[in-house]
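Worksheet for the structure shown next.
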Amino acid sequence: MAEKKKASTKKTEAKKQEVKHEAPVKQEAPVKMEAKTQAPAKVPVTTGPKVKPRIGVFICHCGTNIAGSIDIKAVEAYAKTLPYVVHADNYQYICSTPGQKKITDAIKEQKLTGTVVAACSPRLHEPTFRTATKEGGLNPFRFEMANIREQNAWVHMHDKEAATEKAKDAVRIAVAKASLLQDLTPKTVSVEKAAMVVGAGIAGMQAALDLAAAGIKTYLIEKSPSIGGRMSQLDKTFPTLDCSQCILTPKMVDVGRSPNIELMTYCDVESVEGFIGNFDVTIRKKARGVLSMPEAEAKGIVGGGCNGCGDCEPVCPVIKPNPFEMGMKPRKAIYIYHPQVVPLLYTIDWDSCVKCGLCVTACGEKKAIDLEQKDEFVKVKVGTAILATGFDLFPIEKKTEWGYKTYENVVTSLEFERLICASGPTSGHLIRPSDGETPKRVAFVLCAGSRDNAGIGKPYCSRFCCMYSLKHAHQIYEKIPGVASYLFYMDIRSFGKMYEEFYYRIQDEGAKFIRGRVANILEDPATKNLHVYADDTLLNRPVDMEVDLVVLAAAVQPGWDTDRTRKLFGVSCSSDGWLLEAHPKLNPCGTTTAGVFIAGVCQGPKDIPDTVSSAEGAASAASIPIHKGEVELEPYFAMCIEEKCAGCGMCVNLCPYSALALVEKDGRKVMEVTEAKCKGCGTCGGFCPGGAIWMNHFATPQIVAQIDAFFLGGER
Amino acid sequence: MADETWKPKILGILCNWCSYAGADLAGGGRIQYPPDVRIVRVMCSGRIDALFVLKCFADGADGVLVSGCHFGDCHYLEGNFKGAKRMFMVKRLMKSIGLDDRRFRMTFVSASEGAKWGKVITDVVTTINELGPSPIKEFNK
Numbered sequence: 006m007a008e009k010k011k012a013s014t015k016k017t018e019a020k021k022q023e024v025k026h027e028a029p030v031k032q033e034a035p036v037k038m039e040a041k042t043q044a045p046a047k048v049p050v051t052t053g054p055k056v057k058p059r060i061g062v063f064i065c066h067c068g069t070n071i072a073g074s075i076d077i078k079a080v081e082a083y084a085k086t087l088p089y090v091v092h093a094d095n096y097q098y099i100c101s102t103p104g105q106k107k108i109t110d111a112i113k114e115q116k117l118t119g120t121v122v123a124a125c126s127p128r129l130h131e132p133t134f135r136t137a138t139k140e141g142g143l144n145p146f147r148f149e150m151a152n153i154r155e156q157n158a159w160v161h162m163h164d165k166e167a168a169t170e171k172a173k174d175a176v177r178i179a180v181a182k183a184s185l186l187q188d189l190t191p192k193t194v195s196v197e198k199a200a201m202v203v204g205a206g207i208a209g210m211q212a213a214l215d216l217a218a219a220g221i222k223t224y225l226i227e228k229s230p231s232i233g234g235r236m237s238q239l240d241k242t243f244p245t246l247d248c249s250q251c252i253l254t255p256k257m258v259d260v261g262r263s264p265n266i267e268l269m270t271y272c273d274v275e276s277v278e279g280f281i282g283n284f285d286v287t288i289r290k291k292a293r294g295v296l297s298m299p300e301a302e303a304k305g306i307v308g309g310g311c312n313g314c315g316d317c318e319p320v321c322p323v324i325k326p327n328p329f330e331m332g333m334k335p336r337k338a339i340y341i342y343h344p345q346v347v348p349l350l351y352t353i354d355w356d357s358c359v360k361c362g363l364c365v366t367a368c369g370e371k372k373a374i375d376l377e378q379k380d381e382f383v384k385v386k387v388g389t390a391i392l393a394t395g396f397d398l399f400p401i402e403k404k405t406e407w408g409y410k411t412y413e414n415v416v417t418s419l420e421f422e423r424l425i426c427a428s429g430p431t432s433g434h435l436i437r438p439s440d441g442e443t444p445k446r447v448a449f450v451l452c453a454g455s456r457d458n459a460g461i462g463k464p465y466c467s468r469f470c471c472m473y474s475l476k477h478a479h480q481i482y483e484k485i486p487g488v489a490s491y492l493f494y495m496d497i498r499s500f501g502k503m504y505e506e507f508y509y510r511i512q513d514e515g516a517k518f519i520r521g522r523v524a525n526i527l528e529d530p531a532t533k534n535l536h537v538y539a540d541d542t543l544l545n546r547p548v549d550m551e552v553d554l555v556v557l558a559a560a561v562q563p564g565w566d567t568d569r570t571r572k573l574f575g576v577s578c579s580s581d582g583w584l585l586e587a588h589p590k591l592n593p594c595g596t597t598t599a600g601v602f603i604a605g606v607c608q609g610p611k612d613i614p615d616t617v618s619s620a621e622g623a624a625s626a627a628s629i630p631i632h633k634g635e636v637e638l639e640p641y642f643a644m645c646i647e648e649k650c651a652g653c654g655m656c657v658n659l660c661p662y663s664a665l666a667l668v669e670k671d672g673r674k675v676m677e678v679t680e681a682k683c684k685g686c687g688t689c690g691g692f693c694p695g696g697a698i699w700m701n702h703f704a705t706p707q708i709v710a711q712i713d714a715f716f717l718g719g720e721r
Numbered sequence: 010m011a012d013e014t015w016k017p018k019i020l021g022i023l024c025n026w027c028s029y030a031g032a033d034l035a036g037g038g039r040i041q042y043p044p045d046v047r048i049v050r051v052m053c054s055g056r057i058d059a060l061f062v063l064k065c066f067a068d069g070a071d072g073v074l075v076s077g078c079h080f081g082d083c084h085y086l087e088g089n090f091k092g093a094k095r096m097f098m099v100k101r102l103m104k105s106i107g108l109d110d111r112r113f114r115m116t117f118v119s120a121s122e123g124a125k126w127g128k129v130i131t132d133v134v135t136t137i138n139e140l141g142p143s144p145i146k147e148f149n150k
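Residue numbers (the working numbering), protein chains in the order written: chain V, 6 to 721; chain R, 10 to 150.
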């Protein structure tokens, strides 16, 4: 290639010129495309009198963010040479008040028909500049943005020449589109005065309580038989050592009592249709096998229904492990998780029920048990939705070196919570699972599966394990005199309010901290004691610690059904499965799907205070459209150019939202768009063989103009 | 045909929700990649007409990149499936007319994959640099 690299810049310039001149001629070759590029005049939109476009270009320095890597003056000079550009300007920060004023003033003084701002990403400042364009007296959709920061200055920091060339191209592409943009009016739709919260852990409950308190009818959907979530499984909470149940149950009771909350436990979201303001959600009410009192009354059973007396439970012959107690306590096939469940309703586990009917007899006159009950489907309409689907523990048995599920005396932190909890399977007496003895030496393995790039574990920090492990250490000092605790850690991350102080307190209580990741754990088969092998990286020596019990502070991962739920609501996730927020810093509760918000750990590991804050944030965000009563939708919907439509109907099948239909018009079939259903993806417009679909703001002529502008140098 | 000043002209057509956001994330993370790709944003990769890609090549593009959401992750449920189907058709068509189909790439980059975006661009530019200028440019002369 090297010897061929002799032709000079001149030649390329010459070639460019040549191409420029050829461009209009050449466009006649691809027939179909040519037909499309001429479309605007025939499009069923009122464009007003055809005037020659007058475009203003505004280039932002963004301090040195852009100006540091791009020659702003050169880009501005170049912009002035582009077709239809009558005004070009630059400013330190176009998004500032004086910067925006430059836009509004130029629109008025120069009688602009379109504006182009070359600055950051349109995902950030498009609304700002649209508003500025509107204030200047233009339709806000006559604005186009050239991204020269995120996709240029920041990614080509050390090549100013190439970055400047790229910026010129970006401006040229944007000008080409801006000169073809049309007036559009956003659709205004009314918002249903109801909200939905999916998941009734502490995040979902708090969000639902806030929405309800704001006077909004809220459907709280929970997949398990009781609300409360993970927090109801915990014994104490750090750093205040509040009893978890004691601070949680008042909220659970409030949720059960609130007239604005329709609590739907043992339910799944089956399907979601619609858009912000008007989500039609189908909910599967899983067959519980037990009728609540209102349900019984509706069936004409006077004074019947489950009152939670528990008469059915002792007679049930089936015994299964209770998942609420991490399988360490038995339950029957008809069960409640724990005495404080809300709602107090028994549930039948169909996988283990033998349908002997003994419970039906025991229930007697209340007639609450229906062994033939089937799943039911309920449809509700809501304006906004909050996902609060929580977390599961990472299956730590995958890290075979720590022997979980191989050695009896290796437990997870959640099992430890149940073992130390007064209402747990051992009534709060911490025991070794192998022999029921009280452990005298306990090792805590932190970062068990977190901060692990080896492939099996999770690369992220699970954020609350350090703190609850400190709390666990405190709890055993509180309950077992003379106990020794060893915390194997990488770093202690005690970042919250009063957390560092709590860390010092645990140090003072005598906990031993060994900095080093545990290599492996082996069991002494005779005593069932465990040998923990690690490297003490502070003393630089290997450690072999014999202990009675090992607690693994397992990593957390998104709840098992999070993926299914998020797809129903059209919410993205990051590579580790946590739900993706609209902006990691400035919009942590929003998602890219308008009207859908996220709360709690489903967005990423959080401790309880952060979870509650995020839930309140999400509730506030979700209530805004509802209180406003209406929302504006971007008018990016599809339109049919009827004279071109052959009525083939291919687009009708392509539409993911069933927004298109074939209708009879003037004796022939043409496609018709239901604007309310169309979300503007353009899948139909990308396919139509006749070029008969006009996608607002992303119309074929506009996109082709961008393509031509880049490759052919701006002349159209 | 390749001269000293030849720089590949490559156009990337990206969906707004995943790949464009991923490219923004790469910017925020200051992930450096070659400056040869220009970007056109559409709402969904399903919007991308096969003719857009062919128009690029007809205009003398050295390479075209189309990038959307991962399958199952589309903001519009299944627009990316339908777009991708068309794009594979374009690849077959390119082969049949004797245009190296490596000049056209369909990728899937999510909004959280800034680093992957950098790799994709680097890879695309490397490939096009190896392939040299598009033969259609000669034809257009």
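Every residue gets a Cβ at the ideal spot worked out from N, C-alpha and C, and that includes glycine.
Comparing C-alpha positions only, which one of the options sits nearest to residue i?
{"i": "residue 499 of chain V", "options": "V/80, V/521, V/512 and V/435", "result": "V/512"}
{"i": "residue 39 of chain R", "options": "V/162, V/72 and V/641", "result": "V/162"}
{"i": "residue 480 of chain V", "options": "V/303, V/425, V/265 and V/292", "result": "V/425"}
{"i": "residue 160 of chain V", "options": "V/74, V/354, V/136 and V/210", "result": "V/74"}
{"i": "residue 17 of chain R", "options": "R/81, R/28 and R/43", "result": "R/43"}
{"i": "residue 90 of chain R", "options": "R/64, R/117 and R/109", "result": "R/117"}
{"i": "residue 200 of chain V", "options": "V/221, V/107 and V/252", "result": "V/221"}
Going by beta carbon distance, what residues of the same chain come within less than 7 Å of residue i, once the five residues before and after it are set aside?
{"i": "residue 105 of chain R", "result": "none"}
{"i": "residue 238 of chain V", "result": "329, 419, 422 and 423"}
{"i": "residue 58 of chain V", "result": "89, 118, 119 and 184"}
{"i": "residue 454 of chain V", "result": "399, 401, 404, 462, 463, 559 and 560"}
Counting only C-beta atoms, is residue i closer than 9 Å to chain R at any point?
{"i": "residue 92 of chain V", "result": "no"}
{"i": "residue 661 of chain V", "result": "yes"}
{"i": "residue 453 of chain V", "result": "no"}
{"i": "residue 100 of chain V", "result": "no"}
{"i": "residue 280 of chain V", "result": "no"}
{"i": "residue 163 of chain V", "result": "yes"}
{"i": "residue 160 of chain V", "result": "yes"}
{"i": "residue 190 of chain V", "result": "no"}
{"i": "residue 715 of chain V", "result": "yes"}
{"i": "residue 178 of chain V", "result": "yes"}
{"i": "residue 440 of chain V", "result": "no"}
If we define contact as Cβ-Cβ less than 9 Å, is residue i a contact residue for chain V?
{"i": "residue 137 of chain R", "result": "no"}
{"i": "residue 61 of chain R", "result": "yes"}
{"i": "residue 100 of chain R", "result": "no"}
{"i": "residue 81 of chain R", "result": "yes"}
{"i": "residue 72 of chain R", "result": "no"}
State buried or exposed for residue i, treating a residue as buried only when at least 16 other CB atoms are found within 10 Å of its CB.
{"i": "residue 517 of chain V", "result": "exposed"}
{"i": "residue 634 of chain V", "result": "exposed"}
{"i": "residue 262 of chain V", "result": "exposed"}
{"i": "residue 565 of chain V", "result": "exposed"}
{"i": "residue 405 of chain V", "result": "exposed"}
{"i": "residue 663 of chain V", "result": "exposed"}
{"i": "residue 98 of chain R", "result": "exposed"}
{"i": "residue 68 of chain R", "result": "buried"}
{"i": "residue 632 of chain V", "result": "exposed"}
Would you call the CB atoms of residue i and residue j closer than 9 Å?
{"i": "residue 20 of chain R", "j": "residue 716 of chain V", "result": "yes"}
{"i": "residue 435 of chain V", "j": "residue 560 of chain V", "result": "no"}
{"i": "residue 5 of chain V", "j": "residue 175 of chain V", "result": "Within the shown structure, residues of chain V are numbered from 6 to 721, placing residue 5 of chain V beyond reach of any answer."}
{"i": "residue 259 of chain V", "j": "residue 620 of chain V", "result": "no"}
{"i": "residue 653 of chain V", "j": "residue 695 of chain V", "result": "yes"}
{"i": "residue 688 of chain V", "j": "residue 29 of chain R", "result": "no"}
{"i": "residue 492 of chain V", "j": "residue 412 of chain V", "result": "no"}
Can you list, in chain order, the residues of its chain whose CB lies under 6 Å from that of residue i, leaving out five sequence neighbours each side?
{"i": "residue 74 of chain R", "result": "21, 114 and 133"}
> Given a limit of 7 Å on CB to CB distance, which residues of the segment 102-133 of chain R reach chain C?
Replying inline: The chain inventory of the structure shown lacks chain C, comprising the protein chains V and R.
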